[in-house]
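This note's numbering puts the sequence shown at residues 4 to 1143.
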Amino acid sequence: MWRFLVVRLLPFLLQPVYTLSESDCQWMAVVNRFDNLGDDKNIFFRQHEVPSVKDVFKELVDSAIDPDDKNAKYLGFPYYLKINLTCKTLDSEMALRTAHYSGLKPVVTVTFEEPAHSVRQKQEQLQIEMTAAPFRIGGCRSDEVCKMCWYTPMPLMNGSVVMDVIVASNHLGMTVDDKRFAINVNGFMRQSKERIRIRIGRKLTALNRFMSMTRRSRPLWHTHIRAPVLILGGFRSKVVLISDTGFEDHFPVEVGIDSCWIGSISCPQRGFSTSIADSIATESTLFIRQNQLVYYFVGHYPILHMRGPGSQVWTRVLNNVCVRKLNPVFFVKNNTEYVIALGGGAQEGHFYLITVQDGIVNATASFTFQNKGPCQYLNIYCQIVWVIFSTNDDKFFLLVHRYRSTRYYIAEYQKDNYLKIIFKIPEYIPKAVSDRGYVLLLGTEQYTTRLFTPVGLAFNPFSKIFYIWGNAILQSNDMVSYVYLSNFPGDYSIKYFVMSFTGHIAFVTDADEIWVMKESSTEIKRAYPSEAWSLYNTLQVMEGSPDHDLNATQSIVTVFFDKDGMQELVYREEPGTTGRLIKRKFPLDHILTYDQVISTPHKGMTHNGIDYIRFTHRCPFAVVRFVDLPFPQRFTRMEHYRVKPPEIMVKTGFYDQKSLIVYQGLVYQLLQLHSAYHRAYADPVHDPTWRWWKNKKQDAEYYYYMASNWKSSGGIYVDMANYVKIYNIMPNNLLPKTIYLDKEQTFLFSVYLSLRTTKQSMGETAEENSLNYMWLTILLSHPEYVHADLERHELISRGSILYKVSITDSGHYPMQQLSGKELLKSSANLKVAHSGMNCYHYMDDGPVIKGSDTISINIGCPPGRRLAFDITYTKNYTTEKNKRYFDCVKPDPEMPCFYFSDVFYPFFLIQDMVTGHSGRFNGSYIFTVIGGGAFSVDNIEYFKEEDLPRYNTMIGSITNSLIWLRADGEDNNTDAEGFNVFSQDSSGILWVCQKNSPCHDIVPNDASAPEYFFVMKVSNRGVDQTTYCDYALEFIIHVHGLRLSYTRALFLLEVWMGAIIGVLILYISILTMAPTCKSYIHGLIKRMEEAWAYRTTSTLSFTSSFTSQSSLQHMASEAIRGSLAQPSSKSSAREHSGKH
């Protein structure tokens, strides 16, 4: 019978092998330096831009590129992403050439994880999709392709040091599965003259010098998703492993600390060890504990805009504290990361909080309540075993052990508010009286004689599920009622607990057993060692996997979760080597599926003369899928850009260094436009790329014509349509992992369930394959803020059920914050009843457990929304209402002017950066003038906080200091502080600039009227009940034609009137005296002419000696002629005067 069973099951078990063999190759991605194309791999630590890129763009004179554009910034990133294929059986170089010539191109999607503290950027979810460009590596003739690869720019986004890279195919040519890579910035490296060095210590090479098979595994602790460099301790000597690729590769490092700790009375030396006992990684800082000493090292991350340059050496923190243990805090709170330190020795019963913000590390004093430590206040002689920090509630939960007893307690502490015991942990492990897998702790349950020894706590802020773990596991959904999970036998105590925060949990025992479970479920299974694991390992060896071996000597180093699921790090000793460290995906779905095949009851049966093996179907359905999903971006809030490399005028189609540099500059400019698209004034077109191409769009056909004739300048053609922002990504019938809900927003989708077919259900009863056996349930972690509706539709003719599911925000979340800030972490768990871990479905890459899914829900103001000043509509509406528009003497198209005497009607837009929607803001808001300056933006000064009520509320009318008034005259529409509340229907503003206001009596500096630049602040916080968003906006308004004060106006009037009267008197005087003056002047001029003529004729000079006789005679005759003519002229003059 068993031989018959194996023969029937072998094709089923080997299905993953056949599936994988269809895709023999997989992607490989590494980074290459900007100036080192073709290299194997470089370390990603440089963070500066490359300015030389802009020189290449100067050659693109006749193209869509305008290097002189003021909005353009064509620079480069310090690295490229190099993409290759690695194959198991095929030659990789041959596979690359085959893939290229069959049309295959990698499509790279880089997702930037938002930083813990967004200093320069707002909170956002951003990814860019880039098509890779083929590149031929030198070393052969120009007509040959010896070796090639693909390249894309490796972009750096301002403030992000963690990048999630997915390499996919364009679905042409050979089949290659998608692969994910963690490519992060390593701020713990530095460039020396000879090579790259590690800042935190000395790099080692031989693993077997500090690793051994006898060392048990240890936890990998880090800030969830935000840590670019992971650190793992627990080895011999002062050695740690660090990795900036999620342990795809690693660096063994001997850390540079002194190890000179000496025991004392206040900190007894119970067991000195040079080993690093605890290690925790945050976004910018690494923490380690050796004995009772805690050190930290801040990485060099200028891209994070930290307040410090980074560490040069390891620095001690909590110098005067005897630290017994470090506890991680996995999530960020108030832009800050945390590490918890538990005191020992003289500080036993105390705990401390270490904070990290912008690279600055601080440690608080011991947490106390009413000036007493936790144990002292609780009035028990105790030790704090574990502490967790709930960032949602700003609370601490303490696992407290009473000394010299077996009693353990759970205490809840909120700083300055309370400290209390909320649960007394049972001394003994409860007794399981059924096979349900759990026991409710109601006070009536029975107990075994085995002591319960808690070791730690775990808490998921999304699901609000709380765990107490040790040699047993207690679970609670509200920290009031607890359940004992009896499927874990507790033969060994749990060493560490690993949470994925997406539904899966793993924990490792002291014997290095790996157990797995799902949240909101009581099923717990041992995954390693197990029969299912042995079966999977055997199949992998049969397939030829280099990471599996039947006879290898190996030990588990650590188990952790990343975006690809559960991972394990394994150390293997192989003959002739110094040891090998292997990261491999833990085959959780495979093991659970094989476990089903092994443990499911079965029997032989005959149908139509054919023998079958009939398994009992534990899964209540045959098919489950999600349908009618909405466009995902609206809820996932992921902004998506799509780019392609520029077209090149090369017949081979291979890009060179110059064309790749252009690709770098284009991607840099695109992301630069994205970063700069936070102007207070709304553009006419709501898209970051509009300003890039607005002056070139009309010439697009010309550039295409030149490219089609291979006449593009520089041999490169930039198609403007290849650099766009995508707003309408289609749903792929997969439930999103995370969604964001604003106030009363609803997420709608449907779940389709179907029964097994007649052939699949052969031998089953009607009850085993019935619609009445399929029910969908949903579990909400915060029912006070989120509610869900399930609408069941039975499609009897199809043997199916359709559930219409709606998840809606209830509108009761009390916080109103900036976009993406202070979100409440919640979740919804969908589960088909009776499914548990019993349902699976085979995909191309293997089996997948079906029947339950978890959606993480973030409640609050979603990222990617902003309020913008609609300058275009404001200008048009203000002109229409005032029947006029006066612009400034020197118009500025970027900042139009408004006339002081006109009513100002501001309008605003709600712009969604993710979906591209831009619509009128219809909510209420508070309008405040917070600063200003005369004549120039450079003269703007912000007002003091205490002066704002005087300038913006009716208090200013009492002090005669108002800047503006409501145009509708309503004085009762204000908030509690007296600030005016506006809406779209009533938004008119009158400028008044009273006597004590800063804009009063501005002295003009020329003949034009005074001008003033007002800094406005608009906020809907506390007055708009339609959203969780605090749309805070600051913008500048240019107002001209300001009025002068009465005294200055009167003074100027007197001056101008005096000047005018003086000019008038002068004019009248000129008119009356003109004839006399004219006659006098004419006579004077005539006499002057006669005098000049007489002087000319009577003054002849004789200045030279007589050179000839003829000249003397000539002169004599001229003199005689002149003497004869004089009397006649005199007589004629007398006659003339006599006549008059």
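All residues carry an ideal CB built from backbone N, CA and C; glycine is no exception.
Predicted model, so just to flag it, every value in this text is computed and none were measured.
Close-in-space but distant-in-sequence residues of the same chain around residue i (CB under 6 Å, 5 per side omitted)
i: Ala98; result: Cys28, Leu88, Cys90
i: Gln675; result: Lys76
i: Asn74; result: Arg694
i: Ala209; result: Thr581
i: Ile413; result: Ile425, Phe426
i: Leu751; result: Ser809
Cβ-Cβ distance between residue i and residue j below 8 Å
i: Tyr843; j: Lys853; result: yes
i: Gly849; j: His507; result: no
i: Ser809; j: Ala791; result: yes
i: Val164; j: Val179; result: no
i: Val727; j: Thr692; result: yes
i: Thr881; j: Tyr908; result: yes
i: Ile966; j: Tyr954; result: yes
i: Asn45; j: Val53; result: no
i: Pro433; j: Leu445; result: no
i: Leu488; j: Ile471; result: no
i: Thr1030; j: Gly926; result: yes
i: Lys834; j: Ser803; result: no
i: Ser220; j: Ile651; result: no
i: Tyr82; j: Arg123; result: no
i: Val258; j: Ile199; result: no
i: Ile1039; j: Val892; result: no
i: Pro158; j: Trp30; result: no
Spatial neighbours of residue i in its chain, beta-carbon cut-off 8 Å, leaving aside the 5 residues before and after
i: Ser1120; result: For Ser1120, the pLDDT reaches just 44, beneath the cut-off of 50, and the residue's location in the model is therefore unreliable, although a value from the coordinates is still provided. Same-chain partners within the cutoff: there are none.
i: His1117; result: The predicted model places His1117 with a pLDDT of 44, which falls under 50 and marks its position as unreliable, so this point remains unresolved.
i: Ala1035; result: Leu821, Leu870, Lys1020, Val1021, Ser1022, Arg1024
i: Gly702; result: The identity of residue 702 in the sequence shown is Asp, whereas the question assumes Gly. Closer than 8 Å at Cβ, skipping near neighbours: Ala67.
i: Val906; result: Thr881, Lys884, Asn885, Ala970, Gly991, Ile992, Leu993
i: Ser105; result: Leu175, Gly176, Met177
i: Ile933; result: Tyr945, Phe946, Leu951, Val1018, Met1019, Lys1020, Glu1037
7 Å CB neighbourhood of residue i in its chain, flanking five on each side removed
i: Lys586; result: Phe250, Glu251, Gln570, Leu572
i: Ile283; result: Trp224, His225, Phe290, Leu329, Pro331, Val342
i: Ser1107; result: Only weak support exists for where Ser1107 lies, its pLDDT of 41 falling under 50; the value from the coordinates is given anyway. Result list for Ser1107: empty, nothing under 7 Å.
i: Phe311; result: Just to set this straight, residue 311 is Gly in the shown sequence, not Phe. For Gly311, where only same-chain residues beyond five positions count, the Cβ hits under 7 Å are Val301, Gly362, Ile363.
i: Pro549; result: none
i: Glu96; result: Lys150
Strand pairing of residue i, partner residues [DSSP]
i: Asp614; result: Thr609
i: Lys182; result: Val170
i: Ser528; result: Position check: residue 528 holds Lys in this sequence, whereas Ser was assumed. Val519, per the DSSP bridge assignment.
i: Asp812; result: Val789
i: Met151; result: Arg139
i: Thr114; result: Gln130, Asp167
i: Cys1002; result: Answer is none; Cys1002 lacks a bridge partner.
i: Pro464; result: Pro464 pairs with nothing; no bridge assigned.
i: Gly936; result: Phe1016
i: Tyr928; result: Phe985
i: Phe996; result: The identity of residue 996 in the sequence shown is Cys, whereas the question assumes Phe. Paired residues: none, contrary to the question.
i: Trp1144; result: Outside the displayed range of the chain (4 to 1143) lies residue 1144, so it cannot be described from this structure.
i: Phe191; result: DSSP output for Phe191 lists no bridge partner at all.
i: Phe372; result: Lys375
Cβ separation of residue i and residue j, assumed to be a contact under 8 Å, to the nearest whole Å
i: Thr956; j: Asn999; result: The pair is not a contact, with the Cβ atoms about 14 Å apart (cut-off 8 Å).
Residue i CB to nearest heavy atom of the ligand GDP below 7 Å
i: Asn338; result: Judged by which ligands are present, the structure shown has none, so any question about the ligand GDP falls away.
Practice item. Let me know the beta strand (DSSP E) ranges lying completely inside the segment 251-304, each 3 residues or longer, listed in chain order. Key: 254-258, 281-284, 288-293, 296-301
Point to revise | Contained beta strand (DSSP E) runs [length at least 3] in the segment 345-370, N- to C-terminal order | key: The qualifying runs are 354-360, 363-366.
Practice item. Report the residue ranges of all beta strand (DSSP E) runs contained in full by the segment 708-776; include only those spanning at least 3 residues, in chain order. Key: 726-729, 741-744, 749-757
Exercise for review: Entirely within the segment 844-900 and at least 4 residues each: give me those alpha helix (DSSP H) ranges in chain order.
Suggested key: 874-885
Review point. Where in the segment 546-584 do unbroken runs of the beta strand (DSSP E), each at least 3 residues long, occur, reported from the N-terminal end onward?
Key: 556-565, 568-576
Point to revise | Complete runs of the beta strand (DSSP E) confined to the segment 621-651 [at least 3 residues] | key: For the segment 621-651, whole beta strand (DSSP E) runs of length 3 or above, ordered along the chain, are 626-630, 641-646.
Point to revise | Length-filtered (4 minimum) alpha helix (DSSP H) runs lying within the segment 36-76 | key: 56-60
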